[in-house]
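Engineer: Protein chains in written order, with the numbering used here: chain A, 876 to 1033; chain B, 968 to 1082.
Ideal Cβ placement from N, Cα and C applies to all residues, glycine included.
Keep in mind that this is a model prediction, so the values were computed, not measured.
(1) Enumerate in chain order the residues of its own chain whose CB-to-CB distance from residue 914 of chain A is below 7 Å, with the five nearest sequence positions on each side excluded.
(2) If you compare alpha carbons, which of A:882, A:990, A:888, A:923 is closest to residue 899 of chain A?
(3) Could you say which of A:962, A:908, A:998, A:979 lies nearest to residue 1004 of chain A if we only look at CA atoms?
(4) Output, in chain order, the set of chain D residues within a Cβ distance shorter than 8 Å of residue 989 of chain A.
(5) Okay, do the segment 933-947 of chain A and the segment 973-986 of chain A touch, 3+ Cβ pairs below 8 Å being the bar?
(6) From what residue to what residue does the alpha helix (DSSP H) around residue 1002 of chain B run?
(7) With a threshold of 16 other CB atoms inside 10 Å of the CB of residue 1041 of chain B, please say whether the residue is buried or exposed.
(8) What residues in its chain sit with their C-beta under 7 Å from that of residue 1039 of chain B, if we drop five residues either side in the sequence?
(9) How many angstroms separate the CA atom of residue 1082 of chain B from the CA atom of residue 1012 of chain B?
(10) Whose C-alpha, out of B:1026, B:1060, B:1064, is nearest the C-alpha of residue 1048 of chain B?
(11) Considering only their Cβ atoms, is the gap separating residue 1009 of chain A from residue 925 of chain A smaller than 8 Å?
(12) Does the CB of residue 1006 of chain B have a neighbour CB from chain A at under 8 Å?
(13) In the DSSP assignment, find the alpha helix (DSSP H) that holds residue 1036 of chain A and state where it starts and stops.
(14) On the DSSP bridge assignment, give the partners of residue 954 of chain A in chain order.
(15) Please classify residue 1050 of chain B as buried or exposed, where buried requires at least 16 neighbouring CB atoms within 10 angstroms.
(16) Between residue 1066 of chain B and chain A, is the shortest Cβ-Cβ distance under 8 Å, so that the two count as touching?
(17) Chain B beta carbons: is any one of them nearer than 8 Å to that of residue 1003 of chain A?
(18) Just to make sure I have the definition right: I need the residues of chain A whose C-beta is within less than 7 Å of the C-beta of residue 1028 of chain B. Which are they?
(19) Please state whether DSSP places residue 1028 of chain B in a helix, a strand or coil.
(20) Roughly how many angstroms lie between the CA atoms of residue 1068 of chain B and residue 1046 of chain B, to the nearest whole one?
(21) On the DSSP bridge list, what partners appear for residue 883 of chain A?
(22) Just to make sure I have the definition right: I need the residues of chain B whose C-beta is within less than 9 Å of the C-beta of residue 894 of chain A. Which are they?
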């Protein structure tokens, strides 16, 4: 079903329209069986959140922005790597604000990194030679993943 | 090509049902924000039907929470109706379900927003 250790790449320029390009790329990898159906939306979500942060914040002051996406599937375990030449930012160390307990105190936005943590199974970051490298891993989907409800055994419900 | 669309239906008792469809990502949220904000600014009992939304990201959450805050500011109520499985996971994982109730039955949703 899945390709073994083949690396799939996509280069982006950092334009807002690249979010849609990346989403189409992920969907195509789902169609091709590289990304299992049970993890496709998790991958799409993490990709969207990471790219939205990079394009909106990290690359805002970069003269020649560039992003490279790499995705590999090794025995069902997915590794998504996102490399960009924007301002250094480590989402792994980012401490999200406390959860709002009421609509009155809620501040819309700022949940992207929380969602990346919840919907991936591992997140790593390195900055080397002026490049940010964000890596997100995804374990194989449970056999009955599509039936898992929030609060059940899947990670996002924890 | 639209990423997301919005339809509005007036129900009995002054309840407004907003049906969102498609992907509520950065592009989709931008497409529905203006109309959704207008509804939030004028209505006090709003049901947001998410059954046709197949993808929800943080920008979509922003749309929902922004609208809910406006409605709450007028002593109104907003609930979410019948989100798809992954969409509900996003709502729960982000804690949005603690701010905007999730219901799976339209009559219960109507009762929840009626004053």
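Structural biologist: Per the coordinate set shown:
(1) 953, 1013, 1016
(2) A:923
(3) A:962
(4) Chain labels in this structure do not include chain D; the protein chains are A and B.
(5) no
(6) 993-1009
(7) exposed
(8) none
(9) 8 Å
(10) B:1064
(11) yes
(12) no
(13) In the structure displayed, chain A extends from 876 to 1033; residue 1036 of chain A sits before or after that span and is not available.
(14) A:947, A:1012
(15) buried
(16) yes
(17) no
(18) 986
(19) helix
(20) 5 Å
(21) A:946
(22) 992, 993, 994
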